[in-house]
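**Q** Quick note: the sequence shown, position 54, residue 575 per our numbering, numbers continuous.
Backbone N, C-alpha and C fix where the C-beta goes; we use that ideal spot for every residue, glycine too.
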Amino acid sequence: MTAYPTTLQNLRAADPGSKVLEITTTTGCIVRCSYCSQDKFADRQRLVSQAKHLGVQDFKQCLSRVPRATGISFAGYSEPWLHPHCSTMVEHAYARGHDVRIFTTLVGMNGTDVRRLQVLRFKTFVVHVPDDGTYMNSRLVGKTTSMSCAD
Ligand code: SF4
522 MTAYPTTLQN LRAADPGSKV LEITTTTGCI VRCSYCSQDK FADRQRLVSQ
572 AKHLGVQDFK QCLSRVPRAT GISFAGYSEP WLHPHCSTMV EHAYARGHDV
622 RIFTTLVGMN GTDVRRLQVL RFKTFVVHVP DDGTYMNSRL VGKTTSMSCA
672 D
């Protein structure tokens, strides 16, 4: 457990001063880590919009105004692949020339997503592995079909 803060420090130090736009692809996260404030984010977001997923066209339109030197991070109080078209957004950001950062538990990702992502080169790809159910949704622990990369 002590390696976790060290890893985050290393990630920050590796790219000092760089600008990163964080993308939240969905509202609400089924992993429900006890230390995460995603439920507060979801409560506030639902006051603004009932949309569960970020629209792919909205994402592309917004990204067209972002300088290519800005990194794009898929994380942000959600599990990115609970959005069915997350890989499409990742590929789009990558094709525009952005450095792409991924932070994921892999929940929602399937084998097709893995194959699409394998051909890309990421600035960062961090996998948040499941625990024994102490801090994460215990119903997900041991469910290889929801936590694995199999189709
Ligand atoms: S997987 Fe990430 S977004 Fe989801 S509850 Fe855990 S820390 Fe929050």
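According to DSSP, is Phe-580 helix, strand or coil?
**A** The answer is helix: DSSP assigns Phe-580 an H, G or I state.
**Q** Taking its Cβ as the centre, do 16 or more other Cβ atoms sit within 10 Å of Thr-633, making it buried, or is it exposed?
**A** Thr-633 comes out exposed.
**Q** Between His-649 and ligand 1, is the CB less than 7 Å from at least one heavy atom?
**A** Yes.
**Q** Give the C-beta separation of Ile-544 and Val-628 to the nearest angstrom, bearing in mind that I take them to be a contact with Cβ-Cβ under 8 Å.
**A** Actually they do not touch by this definition, with Cβ atoms about 17 Å apart.
**Q** So the candidates are Arg-589, Tyr-556, Ala-572 and Tyr-598; which of them puts its Cα closest to the Cα of Thr-655?
**A** Among Arg-589, Tyr-556, Ala-572 and Tyr-598, the Cα nearest to that of Thr-655 belongs to Tyr-556.
**Q** Confirm the yes/no value for this check: CB of Tyr-674, any heavy atom of ligand 1, distance under 7 Å.
**A** No answer is possible for residue 674: it lies beyond the span of the chain, which begins at 522 and ends at 672.
**Q** Using a beta-carbon distance below 8 Å, is Val-628 in contact with chain D?
**A** Given the protein chain composition of this structure (a single chain), no chain D is represented.
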